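Numbering (full-length UniProt numbering), first residue to last: 1 to 615.
Next up, the structure:
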């Protein structure tokens, strides 16, 4: 009986280890994949490591993450240790009150802490960047150090410090020679926890950073917008480094104990020097843009520009471009409304309409943009900005259905959006995990406007989506749908036109169509903020992006439809694979552009979408 129990224990441990470490192993294996696929291994290659080494954005992010983590760990460990010792000597009421307050940041959701810190820094007039990120990390790491150190302090004999001072030690010597050595295990645990929390953080870092300062988490998150296997290479390197650190952490203590008396002061000096160097280099490297005479702050969606164009613009106009990225229009709006300042934004149609209504934008002086002659007339004068007083088109396209020609019967395409309810394809569909786009599909399938505010129509659309979910068993997917459809995992998927074009270039079995009931004709555009500090440079940037060479390079890199006429004609000629030739159907009166939703309607959609996903 004992042997059986032992076997099952080992079996369960093995299962747990596989569950925990198999994803890491898969990531490491696919970092050596020769293709972009994240699901099919096509051959061994060091391609993504080479690309990673040449990616300056990633190298800078690694530097920021490491230096911030080191500094935040050292400072929060000192603050937390001193606070824990002080609490042990405090009165009971004060002690319990402060310990409860200390638990608030630990229990508080990260997003709440992030928004609070962002508003605090904005209200104090702090320039967001390296320093604000460091201060934020210190603030949320210190409570963890206090929690780790305080139990060790409580276990000490309260008379130890007094005894040391009775024997001639100063209060500082009593602290450093008696108290600290006896609670070093708690200090070390708190420091490790602080370093881990700082190095891993994304949410708080995202909201308190600015001026182009990003850590690894922010860069990786932005890279996930499109297929980017360099993430696997970066993850593998981080994993290997962590393993080496753990090995050295287990090997070094015995060595240090053996030679501690001889080299203690040298070790302390080296650590102090490393901390000072980290702070100095961090401020110099990440805060350097503040000293430039002309700095243009551009805020765009992740993976949505050819980064080489930024370097070209900097060289041509002798300036510095601080380029930041956002995950969604709503997140961009949150940072903007929180007091963050930018010069040029690239939001979507409905968000541009909102920014105009709320007076966040200034008029574009088209006389400063001679390349406006390159723009197609079809992309101008849209409902979100009549007359293009505030916006200049950047990319555009549609939302439609990508389908596998070897699986889907062409005759079924006549069903339009209703094909997504055809039980012939049950369990073989990806729906886009988007509240707006999903309700757009349902409303168009029912013959309604996708901008409707009629609660009865909205409720019908909700019921359509519920019925589809119950009968079709769809998978709600995000940007991971790209790799899945390249691999042919499903028969159909709701995707954006640019993503469809890229998928088709990788998998010729796929094709794309927009149903006759109409769809979302979307537009992203460049706008200049009301508080822009470099108005002339902002106009020069917009003009630069409309140059034929720049526009072609940009659309080749990103894959979406360019608003520049010559580039569009080149795209539809089929000369460039992987570049979208799927454009809005201007002849279809049922297709629309998303309009800004009033808060009450937006909340209604959000509540219904939550119910659809939750049931």
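Beta carbons: idealized from backbone N, C-alpha and C, even for Gly.
These numbers were taken from a predicted model, which means no experiment stands behind them.
Helix, strand or coil: which one does DSSP assign to residue 20?
Taken through DSSP and simplified to helix, strand or coil, residue 20 comes out as helix.
Using 7 angstroms as the threshold, is the C-beta distance between residue 204 and residue 81 below it?
no
Distance check for residue 108 and residue 482, CA to CA, integer angstroms please.
Between residue 482 and residue 108, the C-alpha separation is close to 35 angstroms.
Within 10 angstroms of its Cβ, does residue 589 collect 16 or more other Cβ (buried), or is it exposed?
exposed
Three-way DSSP call (helix, strand, coil) for residue 287 in this model
For residue 287, the pLDDT reaches just 49, beneath the cut-off of 50, and the residue's location in the model is therefore unreliable, although a value from the coordinates is still provided. Residue 287: coil per DSSP, three-state reduction.
Going by C-alpha distance, which of 344, 305, 557 and 293 is nearest residue 319?
293
Buried or exposed: where does residue 456 fall if 16 or more other Cβ atoms within 10 Å of its Cβ makes it buried?
Note on residue 456: under 16 other CB atoms within 10 angstroms of its CB, so exposed under the neighbour-count rule.
Is the separation between the beta-carbon of residue 199 and that of residue 72 shorter than 7 angstroms?
no
Burial state of residue 13 (16 or more Cβ within 10 Å):
When all chains shown are included, residue 13 counts as exposed.
Rounded straight-line distance, which links the Cα of residue 209 to that of residue 24:
29 angstroms
Pick from 498, 492 and 524: whose alpha carbon is nearest that of residue 510?
Nearest option by C-alpha distance: 492.
Beta-carbon proximity list for residue 212, same chain, < 7 angstroms, skipping 5 on both sides:
289, 322, 323 and 324
Presumed contact (8 angstroms Cβ cut-off) between residue 437 and residue 422, rounded CB distance
Not a contact, Cβ separation roughly 19 angstroms.
Cβ neighbours of residue 531 in the same chain (closer than 8 angstroms, five flanking residues each side left out):
341
Can you check DSSP and say which residues form a bridge with residue 393?
525
Would you tell me roughly how many angstroms separate the C-alpha atoms of residue 544 and residue 346, rounded to the nearest one?
Distance between the alpha carbons of residue 544 and residue 346 is about 15 angstroms.
Compute the Euclidean distance between the alpha carbons of residue 153 and residue 166, then round it to the nearest angstrom.
20 angstroms
Residue(s) in a DSSP beta bridge with residue 365:
According to DSSP, which records beta bridges pairwise, residue 365 is partnered with nothing at all.
State the Cα-Cα distance for the pair residue 395 and residue 368, rounded to the nearest angstrom.
Distance between the alpha carbons of residue 395 and residue 368 is about 21 angstroms.
Three-state secondary structure (DSSP) of residue 633
As shown, the chain starts at 1 and ends at 615. That puts residue 633 outside it, with no answer to give.
The region 43 to 54 / the region 222 to 239 touching (three or more Cβ pairs under 8 angstroms)
With the rule of 3 Cβ pairs closer than 8 angstroms, the region 43 to 54 counts as touching the region 222 to 239.
Would you mind working out which of 142, 60 and 102 sits nearest residue 79, comparing C-alpha positions?
142
Residue 454 to residue 610 span [Cα, whole Å]
19 angstroms
Helix or strand or just coil, what does DSSP make of residue 579?
In this predicted model, residue 579 has a pLDDT of only 49, less than 50, meaning its place in the structure is not dependable enough to derive any value.
Supposed contact pair residue 447 and residue 118 - C-beta distance, whole angstroms, cut 8 angstroms
So it is not a contact: roughly 43 angstroms between Cβ atoms.
What is the rounded straight-line gap between the Cα of residue 32 and the Cα of residue 297?
Per the coordinates, the alpha-carbon of residue 32 lies some 36 angstroms from the alpha-carbon of residue 297.
If distances are taken between C-alpha atoms only, which option among 508, 419, 495 and 333 comes closest to residue 472?
419
Proximity winner among 207, 159 and 106, relative to residue 122 (alpha-carbon distances)
207
Range covered by the beta strand (DSSP E) that runs through residue 481:
Segment 481 to 486 is the alpha helix (DSSP H) holding residue 481; no beta strand (DSSP E) there.
Tell me whether residue 185 is buried or exposed, calling it buried when 16 or more other Cβ atoms sit within 10 Å of its Cβ.
Counting every other CB atom within 10 Å of its CB across the protein chains shown gives residue 185 a total below 16, marking it as exposed.
How far does the beta strand (DSSP E) with residue 431 in it extend, from its first residue to its last?
429 to 432
Does DSSP put residue 317 in a helix, a strand or coil?
Note: residue 317 maps to helix in three-state DSSP.
With a cut-off of 8 angstroms on the beta carbons, I'd call residue 451 and residue 327 a contact; round off their distance for me.
24 angstroms between Cβ atoms; not a contact.
Does at least one heavy atom of the ligand GTP sit under 6 angstroms from the Cβ of residue 154?
The ligand GTP is not among the ligands present in this structure, which contains no ligands whatsoever.
With distance defined between alpha-carbon atoms, name the residue in 162, 550 and 344 nearest to residue 307.
550
Measuring CB atoms only, is the region 515 to 522 touching the region 398 to 417, in the sense that at least three cross pairs come out at less than 8 angstroms?
yes
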